[in-house]
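Take a look at the structure below.
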Amino acid sequence: MNASRSALASVWKSSLNPMNLRLLSLAFAPFAFGTSAFAFIGLIVPMAEGLNTSVPLAGQLQTVFAIACGIGGPILARALARFDRKRLLMTVMFLLIAMNVASALAPGYSALMVTRITGGLFAALTLPLASSIAVMLVPESKRPAALATVLSGYTLAFLLGMPTATVLGETYGWRAAFWFAGAISALSFVVIALGTPARQAVAAAAGANFRAALQGNNRRLVLITMIGFCATFTTVSFIAPVITAFAGLEGAAIGGIQLATGVGSLLGLPAGAWLARLPARRALSILLATTAVTQLAFTVGMLQGFGVAAVPLLLLVMAMGSAALFAMSPVIQTQLANTAGASATLAFAVNGSMLYFGQGLGASLGGAVFAASSIVWVGAAGACVAVLGFAVASGLKDTSDVPRPALARRAPRAAEGELGALATD
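Quick note: the sequence shown uses the numbering used here, first residue 289, plus one each step.
Below, the structure is given as structure tokens:
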């Protein structure tokens, strides 16, 4: 009994560790970004009706946002390298609030598209800034766990943000989804302001360059990020009609099914932190193969129809696909941080750029397939993209014997000592 109490006390004490709380505050950045980026994904059909446009064109709102993120991320990360990262992150969070409010008030399709493009240019900095602050807070051995903690905010976006936005949009009109995303962004702004440390190795970031950021395997790794997100978002960008064609569900029920994506992401991050210990080629090959299988399963399910088994099968496919996608991030980001050294923020920005381009390309591919044939074949298209990613992953080189540069030689040593109590991944 005493041993059990001691173990519980240890877990409680670890959860209250100041460094853990700092990392958790950073998780609110991807929570706000993910909710803001995907709030309307489950509302494509009513949005298209409300904006007097087609469903494929409504889906392109995701494409333009993602492409704007892809363009803005690396450029702004390099241009603003000398500025304090927390202040930059706070500025980006404020802009997310403004983007969501403007989206909720947009009078028509064109205005909404301009708002998403403008917001996307700056929102792209959310993930690289939060990730770079996180890796500066921990020793190298803790980077996979730290990155998984930060990226758990994305999990919260898929588990809570997206389904809630869908339900609110179905109940009160699609604009309610953007008001909700704005509220989440405002909450995140406050949490980050109170909980995230400032002045993390800014001087080291000033010497960053793209050549160092993309050395070694990093070019292939960021390409794999783009391919993985492209494969997945071929279906995710049109998840509402996919769910309807697969299981016959409509309206608020789509929000309930979207919970499977959140559950999958919840499982994927710790799985990715564990897989980060393996050679990247093996880990990413496993994950891309899983992505290909799940994407193909969407098409099989829509073609065949499984009756009463359709809903549980759909839940399983969505959870597995989400888990595979989210598990890629800790694997790839850990490799990038280990290789890029002081250029880690730029490496994260380029990786984020590829993530966004992948989303945009996936939405474009899914929309093209949808318009040219039917929603049934978007999964098959995504599977083909995932197979291409598997081929790229097979060409990764073993980097276990390559010396790793220091991330930031001027980082405070106290941060490493303070994190000795960080829970192991």
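For glycine and all other residues, C-beta sits at the position ideal for the given N, C-alpha and C.
The Cβ atoms of residue 394 and residue 324 lie no closer than 8 angstroms to each other.
Between the beta-carbon of residue 635 and that of residue 628 there is about 4 angstroms, and that keeps the pair under the 8 angstroms contact cut. Between the stretch 501 to 521 and the stretch 613 to 625, the count of Cβ pairs shorter than 8 angstroms is three or higher; the stretches touch.
Within its own chain, the residues whose Cβ lies closer than 8 angstroms to the Cβ of residue 530, once the five positions on either side in sequence are excluded, are 523, 586, 590, 663, 666, 667, listed in chain order. At a Cβ-Cβ threshold of 8 angstroms, residue 572 and residue 514 do not count as neighbours. The three-state secondary structure of residue 420, taken from DSSP, is helix.
Under the criterion of beta carbons closer than 8 angstroms, residue 373 and residue 420 qualify as touching, at roughly 6 angstroms.
Two segments are said to touch when three or more pairs of C-beta atoms, one from each, lie closer than 8 angstroms; by this definition the stretch 398 to 406 does not touch the stretch 439 to 447. Under the DSSP assignment, residue 562 falls in the alpha helix (DSSP H) whose first and last residues are 541 to 563. By the CB criterion at 8 angstroms, residue 557 and residue 440 fall inside the cutoff. One alpha carbon belongs to residue 516, the other to residue 680, and they sit about 11 angstroms apart. Here residue 484 has 310, 313, 314, 374, 377, 421 as same chain residues with Cβ atoms under 8 angstroms from its own Cβ, once five neighbours each way along the sequence are excluded. Counting only the Cα atoms, residue 580 lies some 7 angstroms from residue 672.
Here residue 618 is buried: its Cβ has 16 or more other Cβ atoms, across all protein chains shown, within 10 Å. Contact between residue 670 and residue 576 does not hold, since the beta-carbon distance rounds to 12 angstroms and is not under 8 angstroms. Scanning its chain for C-beta atoms nearer than 8 angstroms, with the 5 sequence neighbours on each side dropped, one finds around residue 536 the residues 598, in chain order. Of the residues 437, 594, 343, 652, the one whose Cα lies closest to the Cα of residue 534 is 594. If you keep only unbroken alpha helix (DSSP H) runs of at least 4 residues inside the stretch 436 to 488, you get 450 to 460, 463 to 483. Comparing alpha carbon positions, the residue from 501, 389, 661, 402 closest to residue 474 is 389. Only buried fits residue 350, as 16 or more other CB atoms lie within 10 angstroms of its CB. In this structure, residue 343 places its C-beta atom within 8 angstroms of the C-beta atom of residue 336.
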